[in-house]
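As structure tokens, the structure follows; a few thoughts come after it.
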Amino acid sequence: MTDLWRLNAREISEKVRKREVSAVEVMRAHLSRIEKLEPRIDAFLHVNEHALSRARSIDSAVSRGSVDLPLAGVPAAIKDVLHVANMPTTCASKILRNYVPPFTATCVARLERAGAIILGKTNMDEFAMGSSTENSGYKPTRNPWSAAHVPGGSSGGSAAAVAAQMAPIALGTDTGGSIRQPAAFCGVVGIKPTYGRVSRYGLVAFASSLDQAGPFARTVQDAAVVLAAISGRDDHDATSVERRFPDAHAETDGDARGLRVGVPWEFLKRGVDAGVMTSFREALDQLQACGALLRDVSLPHLAHAVATYYIVATAEASSNLARYDGVRYGRRAEGATDLDQMYGETRDRGFGAEVKRRIILGTFVLSSGYYDAYYLRAQKVRALIRRDFEAAFESCDVIATPTTPSPAFKIGEKTDDPLKMYLEDVFTVPANLAGLPGLSIPCGLSAGLPVGLQLMSRWFDESMLLRAGHAFERLTEHHLRRPPL
Amino acid sequence: MRDWKAIRARYEPVIGLEVHAQLKTATKIFCACPNRFGDEPNTHVCPVCLGLPGSLPVLSRQAVSLAMRAALATHCTIQTTSIFARKNYFYPDLPKGYQISQYERPLATEGYVEIPANEGFRRIRVQRIHIEEDAGKLLHEGFAWSNDKSGIDFNRTGVPLIEIVTAPDIRTSEEAHEYLAALRATLVYAEVSDGNMEEGSLRCDANVSVRRSGEAALGTRTEIKNLNSIRNVARAIEHEISRQVALIESGGDVVQETRLWNADRGETVSMRSKEEAHDYRYFPEPDLPPLLVDPEWIESARRSLPELPSDRRRRFIEHYGIPAYDAGVLTLSREVADYFEEAARASGNPKAASNWVMTDVLRKLKEDTRPLSACPVSPGRLTEMICLIDDGVISGKIAKDVFEKMWSTGAPAGMIVECEELTQVTDASAIEAVIAEIVGAHADQVAVYRNGKKAALGWFVGQVMRKTQGKANPRLVNELLRKALDG
Chain B
1 MTDLWRLNAR
11 EISEKVRKRE
21 VSAVEVMRAH
31 LSRIEKLEPR
41 IDAFLHVNEH
51 ALSRARSIDS
61 AVSRGSVDLP
71 LAGVPAAIKD
81 VLHVANMPTT
91 CASKILRNYV
101 PPFTATCVAR
111 LERAGAIILG
121 KTNMDEFAMG
131 SSTENSGYKP
141 TRNPWSAAHV
151 PGGSSGGSAA
161 AVAAQMAPIA
171 LGTDTGGSIR
181 QPAAFCGVVG
191 IKPTYGRVSR
201 YGLVAFASSL
211 DQAGPFARTV
221 QDAAVVLAAI
231 SGRDDHDATS
241 VERRFPDAHA
251 ETDGDARGLR
261 VGVPWEFLKR
271 GVDAGVMTSF
281 REALDQLQAC
291 GALLRDVSLP
301 HLAHAVATYY
311 IVATAEASSN
321 LARYDGVRYG
331 RRAEGATDLD
341 QMYGETRDRG
351 FGAEVKRRII
361 LGTFVLSSGY
371 YDAYYLRAQK
381 VRALIRRDFE
391 AAFESCDVIA
401 TPTTPSPAFK
411 IGEKTDDPLK
421 MYLEDVFTVP
431 ANLAGLPGLS
441 IPCGLSAGLP
451 VGLQLMSRWF
461 DESMLLRAGH
471 AFERLTEHHL
481 RRPPL
Chain W
486 MRDWKAIRAR
496 YEPVIGLEVH
506 AQLKTATKIF
516 CACPNRFGDE
526 PNTHVCPVCL
536 GLPGSLPVLS
546 RQAVSLAMRA
556 ALATHCTIQT
566 TSIFARKNYF
576 YPDLPKGYQI
586 SQYERPLATE
596 GYVEIPANEG
606 FRRIRVQRIH
616 IEEDAGKLLH
626 EGFAWSNDKS
636 GIDFNRTGVP
646 LIEIVTAPDI
656 RTSEEAHEYL
666 AALRATLVYA
676 EVSDGNMEEG
686 SLRCDANVSV
696 RRSGEAALGT
706 RTEIKNLNSI
716 RNVARAIEHE
726 ISRQVALIES
736 GGDVVQETRL
746 WNADRGETVS
756 MRSKEEAHDY
766 RYFPEPDLPP
776 LLVDPEWIES
786 ARRSLPELPS
796 DRRRRFIEHY
806 GIPAYDAGVL
816 TLSREVADYF
826 EEAARASGNP
836 KAASNWVMTD
846 VLRKLKEDTR
856 PLSACPVSPG
866 RLTEMICLID
876 DGVISGKIAK
886 DVFEKMWSTG
896 APAGMIVECE
906 ELTQVTDASA
916 IEAVIAEIVG
926 AHADQVAVYR
936 NGKKAALGWF
946 VGQVMRKTQG
956 KANPRLVNEL
966 LRKALDG
């Protein structure tokens with residue numbers, strides 16, 4: 001078989017466990033796929049040179065009778081903000097060029113324990129700040145559907161790798177939409193889990209109260225298997241929790257009958273691309289056709305979500321990124337004659353424009369005299385947004401919106417207008433502010449580019465998302481479309 | 486120079502202290518690295534305390550338990566919910582670029598520490614106690630490249646600290662001294678901290694202002710840092726009060742600023758002004774959930790507390806009938822108090838036990854610079870000696886020599902008395918013979934005495950004691966001398 005790269009994760013794992021194919025063959029197929037497509041896509045910052053030897057050890061484990069590996073031999077691409085010990089983590093920033101972490105992120109270690117093999121580290125917006133992967137300190141990644149378009153961001157490399165079939169699954173992180181938005185732009189499935197579901201240990205922090213790692217895959221079921229593998233309480237993360245996550249396969253066997261789908265129409269009135277709206281309406285019709293009940297829900301404070309998000313996220317970022325001072329690791333600017341100069345030049349040369357913009361913004365909103373007007377008020381709005389969702393979920397099981405207001409934009413189109421870029425996040429940031437789980441699933445094309453349907457559910461009710469998502473996949477064929485590569 | 490004392494007396498100093506105490510935990514506060522002082526630099530470090538990207542803090546329960554003990558020992562109210570916050574500033578010894586501390590919602594509030602005052606005790610209010618992590622330590626000398634580079638030792642990074650903040654209740658440098666001594670004793674008793682200021686496990690900053698006596702409004706304050714002993718805290722405050730008074734008297738204004746104490750030069754120097762002060766941009770630490778302590782946890786912390794110095798002092802005064810001052814000295818350290826109490830109980834003579842411990846045991850320990858744990862005279866041995874005095878076997882004067890010999894040889898008092906034939910002479914006829922001899926030889930002194938100068942009796946006592954090498958029972962000597970001289 002030469003096109004093993006076409007298989008999805010469940011198929012790979014099953015074949016490897018039944019020894020129909022070897023993990024080495026699967027890995028070789030993906031590595032040559034990467035070799036072939038990477039020059040066009042630029043999804044990776046680092047490819048794991050030990051992937052094949054790890055595949056060999058999976059094969060020998062299987063031959064010794066290890067069958068309890070739900071992701072046996074499945075290649076996985078990891079966003080370069082998650083640590084894999086002895087592999088560089090750069091966060092796509094020059095300030096961390098050649099930085100090699102001494103430990104592996106808990107979610108990555110759990111993925112490996114489930115039998116997955118790390119393919120490499122994927123490109124992203126620097127420190128996960130951006131919506132297009134254009135803010136990478138190294139290179140932009142291209143959308144597999146159109147080389148002129150962005151793959152979304154900040155987990156653009158992971159989304160593009162899965163869409164281009166260079167990897168069946170990938171991990172990304174989502175602080176304001178950074179999994180769901182690129183999943184939508186690249187036509188793949190992406191899940192942002194409930195805050196606390198997945199350990200953040202080994203995830204280089206952007207905004208600690210919003211960051212969550214989650215899966216990319218080409219089917220809901222694959223995403224469910226990955227999510228089940230990486231979930232759970234971790235002693236290294238005090239904000240992680242243990243919540244039952246039933247068997248990943250059983251989760252996705254349901255249908256849409258009786259599913260109450262809430263739609264916040266008031267929130268979708270303006271600024272949504274016509275093609276996106278058409279796909280969204282069709283998706284709702286399809287859900288309804290197979291038994292879902294549509295509800296109009298009100299989320300009045302969502303109007304302030306983007307403003308709130310950019311205060312909370314930048315405040316936390318300004319503090320989280322203070323450690324990159326050139327003292328202990330990373331790149332230190334040479335030639336400074338005093339400490340302040342060393343700090344200043346190291347950070348000036350090491351950080352890109354968007355990162356600096358957010359550090360300055362975050363420093364400002366926390367400053368004495370401004371704290372109450374910005375940070376404190378944002379925290380209050382955040383509580384109101386959470387309350388809006390609580391109320392809305394009394395009358396529905398999932399809330400549906402388009403994942404993004406428009407499909408992928410052109411490379412360079414929004415780089416000069418940060419505000420326009422920030423508005424990309426309008427439908428995704430509410431779930432982060434409230435800590436809710438969110439799923440993006442392909443629901444059509446607009447002018448040849450994928451459109452994403454976002455579903456959000458109650459806290460720790462990822463099962464509901466997976467059930468709804470899987471039901472939607474069974475009705476439609478959007479998830480079977482592949483980019484023309 | 487005008488009368489400086491009179492000028493100073495017109496001002497009232499207002500002093501508040503901020504004390505940082507390292508907690509005696511097994512591990513650091515947010516990671517599993519050992520909490521140990523004095524090892525090779527950077528041997529107790531991990532991704533968490535080095536603040537490496539992707540690491541997260543996890544709070545040590547033991548640190549919270551010890552902090553709660555400190556809070557209970559200072560009569561504070563423990564808040565069932567407290568919140569960690571980030572204090573943001575750049576410095577090479579702070580690897581994350583922020584210190585995890587508590588800000589708006591500290592662990593404990595509104596307690597007090599008692600200090601001795603004219604009539605009994607006075608309360609210095611404690612406003613708050615919060616938990617935070619220690620920073621690392623910059624090393625500027627002692628290695629090959631110290632001429633052009635500084636090193637950082639991260640062993641101390643993440644060592645748990647509590648900060649104990651007083652209300653501005655302290656009025657003199659002596660009170661500051663008393664407060665620190667009492668607080669240190671409390672923390673050491675409660676086994677919260679080892680209270681060693683020289684090693685930095687206890688550190689103190691002082692906020693000092695002065696105002697004209699009778700004025701209600703507070704003067705502008707300065708904060709003094711780098712105070713590495715209780716004595717230096719008192720010295721620095723004393724100096725700062727004088728500096729501020731002199732400044733105001735000469736028509737100047739005190740500037741709100743942070744000043745550094747220079748112990749060698751005995752003065753404070755400006756470190757940074759209010760304008761240069763950091764804006765720490767505190768905000769709630771998103772990596773740590775709110776710290777919730779339930780009543781059971783507080784109760785178990787309360788149960789684990791030993792009797793505290795202030796309670797023990799009160800009990801010593803009431804139960805053993807010793808003076809307040811003595812009780813204060815004896816209870817400053819738990820070991821000394823234990824030592825005293827053992828001797829007081831066993832001998833049945835608390836007053837004697839107190840005197841011996843205060844004047845002899847503590848003096849000798851200080852001379853030898855050894856800790857009480859290495860004291861050659863155990864409470865049992867001291868008891869034996871006190872009993873020898875009380876039973877009239879030796880005199881108090883001889884006992885001083887016996888004590889010295891016990892100290893140097895470690896031998897029991899009874900053995901020393903026996904070997905050196907120091908037993909008191911209580912045989913009246915033997916003493917009378919000595920008296921007769923002296924009275925016979927000194928008719929002039931007898932005349933002086935008989936002419937009304939009764940104080941001359943002391944001279945005769947001295948003669949008798951010398952003749953008997955101090956072994957004669959002093960009470961008997963007095964009695965028999967009066968009889969002989971008064972006729």
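Chains as they are written, first to last, in our numbering: chain B, 1 to 485; chain W, 486 to 972. C-beta: ideal position from N, C-alpha, C; glycine also.
query = What is the rounded straight-line gap between the Cα of W/N692 and the Cα of W/G501?
reply = Sequence index remark: in the second sequence, residue 692 of chain W carries index 207 (1-based). Sequence index remark: in the second sequence, residue 501 of chain W carries index 16 (1-based). Taken atom to atom, the span from the alpha-carbon of W/N692 to that of W/G501 is near 5 Å.
inquiry  = Under 7 Å, CB to CB, which of the residues in the segment 571–590 of chain W have a partner in chain B?
reply    = Answer in chain order: R571, N573, F575, P577, P580, K581, G582, Y583.
ask   = Name the residues in the segment 226–237 of chain B whose C-beta lies less than 7 Å from a C-beta of chain W; which are they?
value = D235, H236, D237
Supposed close pair B/D59, B/V24 - CB separation, criterion 8 Å = Translated into the one-based positions of the first sequence, residue 59 of chain B becomes position 59. Translated into the one-based positions of the first sequence, residue 24 of chain B becomes position 24. Yes, B/D59 and B/V24 are in contact; Cβ-Cβ is about 6 Å, under 8 Å.
task = Could you tell me which chain B residues have their CB closer than 9 Å to the CB of W/P645, listed as they occur along the chain?
result = As a position in the second sequence, residue 645 of chain W is number 160, starting the count at 1. Within chain B, no residue comes near W/P645; the closest Cβ sits about 15 Å away, beyond 9 Å.
ask   = According to DSSP, is W/Y574 helix, strand or coil?
value = The residue you call residue 574 of chain W lines up with position 89 of the second sequence. Coil at W/Y574, not helix or strand.
ask   = Taking only beta-carbon atoms, is W/V598 less than 8 Å away from chain B?
value = The count along the second sequence starts at 1 and reaches residue 598 of chain W at position 113. For W/V598, the answer is no, since every Cβ of chain B falls outside 8 Å of its Cβ.
query = In chain order, what residues of the same chain have a beta carbon less than 6 Å from the beta carbon of W/S714, not counting five sequence neighbours either side?
reply = As a position in the second sequence, residue 714 of chain W is number 229, starting the count at 1. Correct list, in chain order: M682.
request  = Could you name the residues that DSSP lists as bridge partners for W/E760?
outcome  = The count along the second sequence starts at 1 and reaches residue 760 of chain W at position 275. Its beta-bridge partners do not exist; DSSP assigns none.
query = Which residue comes first and which comes last in the alpha helix (DSSP H) that contains W/N717?
reply = The sequence position of residue 717 of chain W within the second sequence is 232, counting from 1. Unbroken alpha helix (DSSP H) run through W/N717: 715–734.
task = Using alpha carbons as the reference points, say which of B/A148, B/A114, B/A184 lies closest to B/P407.
result = For the purposes of this step, residue 407 of chain B is taken as the residue at position 407 of the first sequence. The candidate whose alpha carbon is nearest that of B/P407 is B/A184.
key: Same chain, Cβ closer than 6 Å to B/S158, five either side skipped, listed in chain order   = Along the first sequence, one-based indexing puts residue 158 of chain B at 158. Excluding positions up to five away in sequence, the list reads A77, K79, T122, A170, G172, F216.
request  = Output yes if chain W places a C-beta closer than 8 Å to the C-beta of B/Y343; else output no.
outcome  = One-based indexing of the first sequence puts residue 343 of chain B at position 343. Yes - at least one Cβ of chain W is within 8 Å of the one on B/Y343.
key: Burial state of W/F628, where buried means 16 or more other Cβ atoms lie within 10 Å   = In the second sequence, residue 628 of chain W corresponds to position 143, counting from 1. Under this definition W/F628 is an exposed residue.
ask   = Touching or not, the segment 766–775 of chain W and the segment 795–804 of chain W, by the rule of three or more beta carbon pairs under 8 Å?
value = no
query = From the beta carbon of W/G751, is the nearest beta carbon of chain B less than 8 Å away?
reply = Within the second sequence, residue 751 of chain W is the residue found at index 266, counting from 1. Chain B, which has no Cβ nearer than 8 Å to the Cβ of W/G751, makes this no.
key: Where B/G156 sits in the DSSP three-state scheme   = As a position in the first sequence, residue 156 of chain B is number 156, starting the count at 1. Note: B/G156 maps to helix in three-state DSSP.
task = Would you mind telling me which residues of chain B sit closer than 7 Å to W/D772, beta carbon to beta carbon, in chain order?
result = Against the second sequence, residue 772 of chain W aligns to sequence position 287. Under the 7 Å cutoff, chain B gives S208, A238, T239.
query = Since B/G177 meets chain W, which of its residues come closer than 9 Å, beta carbon to beta carbon?
reply = What you label residue 177 of chain B is simply residue 177 of the first sequence in a count that begins at 1. Simply none; closest approach about 19 Å.
ask   = Which same chain residues, not among the five before or five after W/A719, have their C-beta less than 8 Å away from its C-beta?
value = The residue you call residue 719 of chain W lines up with position 234 of the second sequence. Once the five neighbours on either side are set aside, the close Cβ partners of W/A719 are S658, E659, A661, H662.
request  = In the DSSP assignment, find the unbroken beta strand (DSSP E) run with B/G452 in it and report its ends.
outcome  = Working through the first sequence from its first residue, we reach residue 452 of chain B at position 452. Segment 449–457, the beta strand (DSSP E) holding B/G452.
task = Report the three-state DSSP secondary structure of B/N320 (helix, strand or coil).
result = Here residue 320 of chain B refers to the residue found at position 320 when the first sequence is read from its first residue. Helix at B/N320.
query = Could you give the residue range of the alpha helix (DSSP H) that holds B/F280?
reply = Residue numbering aside, residue 280 of chain B sits at position 280 when the first sequence is read from its first letter. Note, B/F280: alpha helix (DSSP H), 274–289.
key: chain W contacts from the segment 80–99 of chain B (Cβ-Cβ distance under 9 Å)   = V81, L82, H83, T89, C91, L96, Y99
message = Counting C-beta neighbours from all protein chains within 10 Å, is the total for W/K956 16 or more, i.e. buried, or is it exposed?
response = Residue numbering aside, residue 956 of chain W sits at position 471 when the second sequence is read from its first letter. That one is buried.
query = Quick one: is W/N520 buried, meaning 16 or more other Cβ sit within 10 Å of its Cβ, or exposed?
reply = One-based indexing of the second sequence puts residue 520 of chain W at position 35. Result: buried.
message = My output table needs one value for W/I616: the three-state DSSP class, helix, strand or coil.
response = In the second sequence, residue 616 of chain W corresponds to position 131, counting from 1. The answer is strand: DSSP assigns W/I616 an E or B state.
inquiry  = My output table needs one value for B/N86: the three-state DSSP class, helix, strand or coil.
reply    = The residue given as residue 86 of chain B occupies position 86 in the first sequence. It is coil, neither helix nor strand.
query = Can you name the residues that DSSP bridges to B/Q212?
reply = The count along the first sequence starts at 1 and reaches residue 212 of chain B at position 212. Answer is B/D174, bridged to B/Q212.
request  = Below 8 Å on the Cβ atoms is my guess for B/L455 versus B/A468; work out the distance and round it to an integer in Å.
outcome  = As a working note, residue 455 of chain B is residue 455 in the first sequence. As a working note, residue 468 of chain B is residue 468 in the first sequence. Correct: roughly 6 Å between the Cβ atoms.
Cβ contact check for the segment 781–795 of chain W and the segment 383–401 of chain B: 3 or more pairs under 8 Å = Contact between the segment 781–795 of chain W and the segment 383–401 of chain B is absent, because fewer than three Cβ pairs lie under 8 Å.
request  = Compute the Euclidean distance between the alpha carbons of W/I916 and W/A941, then round it to the nearest angstrom.
outcome  = Start at 1 with the first residue of the second sequence, and residue 916 of chain W comes out as number 431. Start at 1 with the first residue of the second sequence, and residue 941 of chain W comes out as number 456. About 19 Å.
task = With a threshold of 16 other CB atoms inside 10 Å of the CB of B/Q212, please say whether the residue is buried or exposed.
result = What you label residue 212 of chain B is simply residue 212 of the first sequence in a count that begins at 1. Answer is buried; the Cβ neighbour count reaches 16.
task = For W/E889, count neighbouring C-beta atoms within 10 Å of its own C-beta (all shown protein chains included) and say buried if the count is 16 or more, exposed if not.
result = What you label residue 889 of chain W is simply residue 404 of the second sequence in a count that begins at 1. Result: exposed.
B/D325: contacting residues in chain W (beta-carbon distance under 7 Å) = On the first sequence, position 325 is the one that residue 325 of chain B refers to. Around B/D325, the beta-carbon contacts reaching into chain W at under 7 Å are F575, G582.
task = Using beta-carbon positions only, say whether B/Q181 and B/G214 come within less than 8 Å of one another.
result = The sequence position of residue 181 of chain B within the first sequence is 181, counting from 1. The sequence position of residue 214 of chain B within the first sequence is 214, counting from 1. No, Cβ-Cβ distance for B/Q181 and B/G214 is not below 8 Å.
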